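Chains as they are written, first to last, in this note's numbering: chain F, 117 to 425; chain Y, 28 to 553. Worksheet: one structure, shown below.
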C-alpha cells in the first residue's frame with residue numbers, strides 16, 4: 117500500500133477526529149510527488165546570473181523577502197534564516213587601501229544532484245521536476261544533516277526557535293503558479309538574471325563568453341561544480357574573489373555516499389553468512405555432545421539462589 | 028503560531044495524554060471499586076469529596092479540563108487548528124513509540140511470565156514470600172558514606188543544572204544553550220553523545236560475539252556488564268539525539284514514517300537510525316536474561332537461551348552496518364572535513380576503530396566497576412582483550428596510513444599547524460601507545476597498564492570522532508571561525524554519562540550482573 121503524504125495527514129486527522137478531538141483539514145503541503153532518488157530532471161529550469169550586469173541595488177533581495185513574508189528592515193550581510201537571497205558586496209581589490217566593491221547575488225544553487233536531498237533521512241528536501249529543491253517542514257526532524265552536506269553552506273537554521281526550520285530558497289514564489297519566473301528574476305532592473313531551461317542557459321552563457329572576448333572569465337560557475345547546478349554564474353573577476361568555492365569536486369556529492377549505501381545489503385548478508393558459519397563451526401563439539409541440532413542452547417549457568425533478601 | 032506558544036501547547040497536549048490514564052484509574056476505576064466494595068472503615072477519607080472519587084482523579088480531571096479549555100480558547104482565537112492537529116499526532120505517535128519499545132516488552136514478559144508461572148508451577152509461587160512481607164526497594168539502599176554523600180550531592184547539582192538547561196533548550200531553541208552556528212551545525216551533542224557514544228557502546232557486540240559466536244567461553248563473566256554498558260550507551264545516544272534534534276517531536280519519522288514516504292534510502296543517517304533502533308531492541312533482548320533471572324521467569328529464560336546465538340549474530344551484523352555508516356555520514360562533505368580524516372574508506376576505518384574501542388571500553392568499564400563496587404578484577408581476561416585490541420589497532424593504523432599514502436594526503440600530517448598536531452596526538456597517544464603497550468606479555472601482566480591502555484584507546488577513538496566531526500572542520504569555516512562547546516552542552520553531556528554510570532551501579536546492585544562473583548560456590552559448567 118502506498119500512501120501519499122496528504123493521505124497520511126488525512127488519516128491522522130481522521131483518527132484524531134475519532135478520538136473526539138474534531139475534524140481537521142490537511143495542512144498546505146507541496147503537492148509534487150515525492151522523489152526518493154535524486155534524479156536529475158530533464159527539464160530543469162535555472163537562472164543565469166551575469167554578475168557583470170549587477171549594480172547592487174538589492175531589488176532581488178527585497179523582492180524575495182516580500183514574496184516570502186520575511187522581515188525587510190534587517191540589514192543582512194550573509195544568507196540567514198530570514199534572508200534567502202542576498203546581494204553580497206565583495207571587496208575584490210588586492211590592495212588594502214583601495215577597496216573595490218563588487219556586488220554578487222547569492223542563494224541556493226539548486227544543484228542537479230543535491231547533496232541536501234540525498235542526505236535528508238526523512239525526505240523533507242525534494243528535488244522537483246522543474247529543477248528547484250523544496251523543503252517540507254512538517255516532515256523535517258531538524259537533524260541539520262543538510263547543513264553539513266551542502267557544499268555552498270546554503271541551508272540556514274532558526275537557532276533561536278523551539279520549533280526551528282531549515283531556511284533556503286525553495287522557489288516558493290513560483291509555488292502558486294501565478295508567476296512564470298522567480299520574483300528575484302523579474303525584480304532585476306538590469307536584466308542580470310535570466311530564467312530558462314538549464315541547457316539553454318548554458319548555451320547562452322557560452323555564447324556570451326564567446327561574443328565578448330575579454331569581458332568574462334572563461335568559466336561558467338555551476339556548469340560542472342558538484343555535478344552541476346541550475347543556478348549559473350558569469351563573472352569578469354575570478355570566482356574565488358567573489359567568495360565562491362573553486363575547490364569543489366566535479367563529481368556529484370551524493371554519489372560518494374551512494375557508492376557505500378549500495379554495499380549495505382551485501383555487507384549485511386555477507387556478515388550474516390560468515391558469522392553464522394563461524395558460530396556453526398565453533399559450536400561443533402557442543403552439538404556432538406548434546407546431540408542437538410542448531411541452534412545450540414547455551415548451557416544454563418548454575419547461578420545460586422538469590423532472593424530478595 | 029509563535030514557537031513558544033506552540034511549545035506551551037505541546038506541553039498541554041502532552042499533559043492530557045499523560046494524565047488520561049490517571050483519570051481512568053483514579054477517576055473511574057477506583058470509584059467503581061469503592062462503590063462495589065463493602066465499606067469497612069474510613070481509610071483515606073481525610074479528603075472529604077462531594078462525590079466518591081480519589082483526590083488524584085479529581086486533580087487529573089481538573090488539569091485536563093484546564094488544558095482543554097486553554098487549547099480550545101487558543102484555537103478559537105488564533106485559528107491554528109492544523110498545527111494543533113500535527114502536534115497531537117506527534118504526541119500520540121511518541122507515546123505509542125514509548126509504549127511499544129519500553130513498556131510493552133517488559134510488561135508482556137513480566138506479567139505474562141508470572142501468569143504462566145502461576146498456571147504451570149503454583150507450588151513454587153506459593154512457596155515464595157508474599158509481596159507484602161518484602162522489604163521495599165528503597166529501604167534496601169545502604170546508608171551513604173561521606174564520599175558517597177559528596178558524590179550524590181554533586182550529582183544532584185549537576186542534574187538540577189541539566190534540567191534547567193533542558194527547559195531552556197526545549198522552550199527557547201538551541202541557540203539559548205549551545206554555541207552551534209550555521210557554519211557548525213553539529214556540535215558536541217552529535218560529535219560526542221551520538222557519534223562517539225555509539226562507538227563506545229561497541230563493547231556489547233564485540234564481547235558477546237567473542238563468547239557466543241567465536242565460542243571463547245572463558246570471557247563469559249564479562250559479557251553481561253559489556254552488554255549493559257552497550258545498552259545504556261545506546262539509550263543515552265537516543266536521549267542525546269532528542270536534545271540535539273530541532274524538531275525532536277518528529278523523531279519517529281524515519282522509522283514509523285517509512286511507509287508514508289518519510290524514508291530516504293540515500294541517506295546514511297536513515298541507515299544509522301534504523302540500525303540503532305533495531306540494535307537497541309536486540310540489546311534489550313540480550314540483556315533480558317539478567318532481569319528474567321532476577322525475577323525467576325524460567326520459561327522466558329529457556330526461550331532466550333535458545334535464541335541467544337542468532338540474536339548475537341543479528342546484533343553483530345547491525346553493529347557492523349551502523350558503526351561503519353557513522354563514517355559514511357561524513358562522506359558527503361569532502362570539502363569540509365580535513366583531508367587527514369576525510370577518506371572514501373571512512374566507513375571501514377570507523378568499523379575497525381569501533382571494534383578496537385569496544386575492547387578498550389570493556390577494559391575501562393571492568394576496571395572502573397571493580398573499583399567502585401569492590402569486585403575482584405578479571406586480570407587475565409582483560410589482558411586477553413588488550414592483546415586483541417593491539418592486533419585490531421595495528422590493522423587499523425596500517426590501513427589508515429596506507430590510505431593516506433595512496434591518496435597522497437600524508438603531506439598534511441607534516442604541515443605544522445593545529446590539524447597536524449591533533450592528528451599526531453590522536454595517532455600516537457590514542458592508537459600507537461596502547462598498541463605498543465598491549466603487544467608485550469610482560470606489560471599485559473600488569474593490570475594498571477592494561478587499564479591505562481584501555482583508557483588510551485577510548486581517548487583515541489573519541490578524539491578521532493571529534494576530529495572528524497568537529498575539529499577537522501575548523502579549516503573550512505571562513506574567517507577562522509571555530510566551534511567550542513558551551514558549558515551547557517558540556518553539562519548535558521556529562522549528565523548523560525553520569526546517568527549511565529548511576530544506572531550501571533544500580534543494576535550491579537540489584538541484578539545478577541556479576542553472578543560468578545556473588546555466588547562463588549556456584550560453578551559455571553562451561
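C-beta atoms are modelled at their ideal positions from N, C-alpha and C, and glycine is treated no differently. Keep in mind the model is a prediction, meaning the values are calculated, not measured.
### Query
Going by other Cβ atoms of all chains shown within 10 Å of its Cβ, with 16 needed for buried, is residue 89(Y) buried or exposed?
Exposed: under 16 other Cβ atoms inside 10 Å.
### Backbone CA spacing between residue 545(Y) and residue 381(F) [nearest angstrom]
Unreliable positioning characterises residue 545(Y) in this predicted model, as indicated by a pLDDT of 44, which lies under 50. A coordinate reading is not provided.
### Query
Leaving out the 5 sequence neighbours to the left and right, which residues in its chain are closer than 7 Å to residue 255(Y) when beta-carbon positions are compared?
314, 531, 534 and 540
### Task
Return helix, strand or coil for residue 414(Y), following the three-state DSSP convention.
helix
### Query
Who are residue 205(F)'s beta bridge partners in DSSP?
219(F)
### Task
Please confirm if residue 348(Y) has its CB atom under 9 Å from at least one CB of chain F.
yes
### Task
Look up residue 161(F) in the DSSP assignment and say whether it is helix, strand or coil.
strand
### Message
In the DSSP assignment, the beta strand (DSSP E) including residue 347(F) goes from what residue to what residue?
### Response
347-350 is the span of the beta strand (DSSP E), which, as asked, contains residue 347(F).
### Message
With a threshold of 8 Å, are at least 3 pairs of Cβ atoms found where one atom belongs to the segment 375-389 of chain Y and the other to the segment 416-423 of chain Y?
### Response
yes
### Chain-ordered neighbours of residue 209(Y) on chain F, where CB pairs are closer than 9 Å
194, 195, 196, 197, 263, 269, 271, 272, 273 and 275
### Message
Could you check whether the segment 394-404 of chain Y touches the segment 450-468 of chain Y, counting it as contact only if at least three pairs of C-beta atoms, one from each stretch, sit closer than 8 Å?
### Response
no
### Query
Any C-beta of chain Y sitting closer than 9 Å to the C-beta of residue 387(F)?
yes
### Query
Can at least three beta-carbon pairs, one atom from the segment 255-275 of chain Y and one from the segment 210-221 of chain Y, be found at a separation below 8 Å?
yes
### Inter-residue spacing [alpha-carbon to alpha-carbon] between residue 482(Y) and residue 250(F)
46 Å
### Message
Classify residue 46(Y): buried if its beta carbon has 16 or more other beta carbons within 10 angstroms, exposed otherwise.
### Response
buried
### Task
Provide the residue(s) that pair with residue 312(F) in DSSP beta bridges, ordered along the chain.
162(F)
### Query
For chain F, is any of its Cβ atoms less than 9 Å away from the one on residue 340(Y)?
Answer yes: the Cβ-Cβ gap between residue 340(Y) and chain F drops below 9 Å somewhere.
### Other residues of its chain near residue 73(Y): CB distance less than 7 Å, five sequence neighbours each side excluded
Because the pLDDT of residue 73(Y) is 47, which lies under 50, any placement of that residue in the model is unreliable, and the number read from its coordinates should be weighed accordingly. Cβ contact annotation for residue 73(Y) (same chain, cutoff 7 Å, sequence separation greater than five): none.
### Task
Kindly say whether residue 512(Y), judged by its beta-carbon, lies nearer than 9 Å to any beta-carbon of chain F.
With a threshold of 9 Å between beta carbons, residue 512(Y) makes no contact with chain F.
### Proximity below 9 Å, CB of residue 324(Y) to CB of residue 137(Y)
yes
### Task
Let me know if residue 293(F) comes out buried or exposed under the rule of 16 or more other beta-carbons within 10 Å of its beta-carbon.
By the neighbour-count rule (16 or more Cβ atoms within 10 Å), residue 293(F) is not buried but exposed.
### Query
Looking only at C-alpha atoms, which of 214(F), 319(F) and 370(F) sits nearest to residue 243(F)?
Among 214(F), 319(F) and 370(F), the Cα nearest to that of residue 243(F) is on 370(F).
### Query
Apart from the five residues just before and just after residue 366(F), which ones in its own chain have a Cβ nearer than 6 Å to its Cβ?
340
### Message
Does the beta-carbon of residue 432(Y), which I'm using as the reference point, lie nearer than 8 Å to any heavy atom of the ligand ATP?
### Response
Looking at this structure, you won't find the ligand ATP or any other ligand, since it has none at all.
### Task
Indicate the three-state DSSP secondary structure (helix, strand or coil) for residue 180(F) in the structure shown.
Residue 180(F) falls in the helix class under three-state DSSP.
### Task
Measure the C-alpha to C-alpha separation of residue 422(F) and residue 153(Y) and round it to an integer number of angstroms.
Interpretation of residue 422(F) is limited by its pLDDT of 41, a score under 50 that renders its predicted location unreliable; no figure is taken from the coordinates.
### Query
Do residue 160(F) and residue 313(F) come within 9 Å of each other at the CB atom, strictly closer than that value?
Cβ atoms of residue 313(F) and residue 160(F): closer than 9 Å.
### Query
Are any of the Cβ atoms in chain Y nearer than 9 Å to that of residue 363(F)?
yes
### Query
Could one say the Cβ of residue 237(F) lies closer than 9 Å to chain Y's Cβ atoms, at least one of them?
yes
### Query
Given a limit of 7 Å on CB to CB distance, which residues of the segment 363-377 of chain F reach chain Y?
363, 364, 365, 369, 370, 372, 373, 374, 376 and 377
### Message
Could you give the first and the last residue of the continuous alpha helix (DSSP H) run that contains residue 250(F)?
### Response
Element bounds for residue 250(F): not the alpha helix (DSSP H) but the beta strand (DSSP E), 249-251.
### is_contact[residue 304(F), chain Y] using C-beta, thresh 9 Å
no
### residue 533(Y) at chain F interface by Cβ criterion, 9 Å
no
#### Entry: Residue range of the alpha helix (DSSP H) that includes residue 143(Y)
It spans 140-147 - the alpha helix (DSSP H) in which residue 143(Y) sits, taken as one unbroken run.
### the segment 230-246 of chain Y / the segment 480-495 of chain Y touching (three or more Cβ pairs under 8 Å)
no
### Query
Mind checking residue 342(F): buried by the 16 CB within 10 Å criterion, or exposed?
By the neighbour-count criterion, in which a residue is buried when 16 or more other Cβ atoms sit within 10 angstroms of its Cβ, residue 342(F) is buried.
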